[in-house]
Amino acid sequence: MITQRFFIATLLLLGLVAADMNAQSALSENDRSRWLSEIREYKHEFLAKDLELTREQQRDFFPLYDSMEDEVERINTETRALETKVSESKEASDLEIENASRTIFEQKRAEGQIEMTYFDKFKEILSPRQLLRLKNAERRFTQQLVKHHRRVNGKQK
Numbered sequence: 082m083i084t085q086r087f088f089i090a091t092l093l094l095l096g097l098v099a100a101d102m103n104a105q106s107a108l109s110e111n112d113r114s115r116w117l118s119e120i121r122e123y124k125h126e127f128l129a130k131d132l133e134l135t136r137e138q139q140r141d142f143f144p145l146y147d148s149m150e151d152e153v154e155r156i157n158t159e160t161r162a163l164e165t166k167v168s169e170s171k172e173a174s175d176l177e178i179e180n181a182s183r184t185i186f187e188q189k190r191a192e193g194q195i196e197m198t199y200f201d202k203f204k205e206i207l208s209p210r211q212l213l214r215l216k217n218a219e220r221r222f223t224q225q226l227v228k229h230h231r232r233v234n235g236k237q238k
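If you count by this note's numbering, then the sequence shown holds residues 82 to 238, one letter each, in order.
Shown next, in the form of structure tokens:
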């Protein structure tokens, strides 16, 4: 079931990316939301299986996990917007450029602070072993998406 959902989500992703590249326009907000929702659902399934979460743990963990990811995404979006705005501005002063650069370099620290806030909340739901395995499971999820993407595009056999 996970493999089938992964395949469907990846095909959807590739279709949307191809359509975006061909049309040279951004995804509609509706398409983007649908795609992100499907990827999130697959990630939940992947993490639940990989971490061997009980149904009760899943019920308590994933709303918190999604909130954390939303906060991190908000920071990433704001940082990218600032970088784009300053990069494209011919009138940006050296100080504005330096401040934007500092924000970009500090992005990981901000993400880490958010994750540490949620770490304390996750400790109440996950076992110490599950907590230890969480970051590795996230990396494997990302690697699996990339590997599948390459396979579908014929870049890896």
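Virtual Cβ for every residue (Gly too), placed ideally from N, Cα, C.
When only Cα atoms are considered, Arg115 and Ile178 end up about 35 Å apart.
The beta carbons of Leu163 and Thr184 sit about 6 Å from each other, so the pair counts as a contact at 8 Å. At the C-beta level, Val153 and Ile195 come within 8 Å of one another. With a contact defined as Cβ atoms closer than 8 Å, Arg221 and Asp131 qualify at about 7 Å.
Take the alpha-carbon of Leu207 and the one of Asp175: they are about 47 Å apart.
In its own chain, leaving out the 5 sequence neighbours on each side, no residue places its CB closer than 6 Å to the CB of Asn180. Along the length of the region 118 to 171, whole alpha helix (DSSP H) runs at least 4 residues long occupy 136 to 169, reported in chain order. Shown here for Glu192: same chain residues with a beta carbon closer than 7 Å to its own, the five before and five after excluded, namely Val153 and Ile156 in chain order. Between Phe203 and Leu213 a beta carbon distance of about 11 Å is seen, past the 8 Å cut, so the two are scored as non-contacting. C-alpha of Pro144 to C-alpha of Leu215: approximately 15 Å in a straight line. Short of 6 Å from the beta carbon of Glu137, and not among the five residues preceding or following it, lies no beta carbon of its own chain. Taking C-alpha positions only, Glu133 is separated from Ser109 by approximately 36 Å. By the criterion of a C-beta distance shorter than 7 Å, Asp141 is surrounded in its chain by Ile206, once the five residues flanking it on both sides are discounted.
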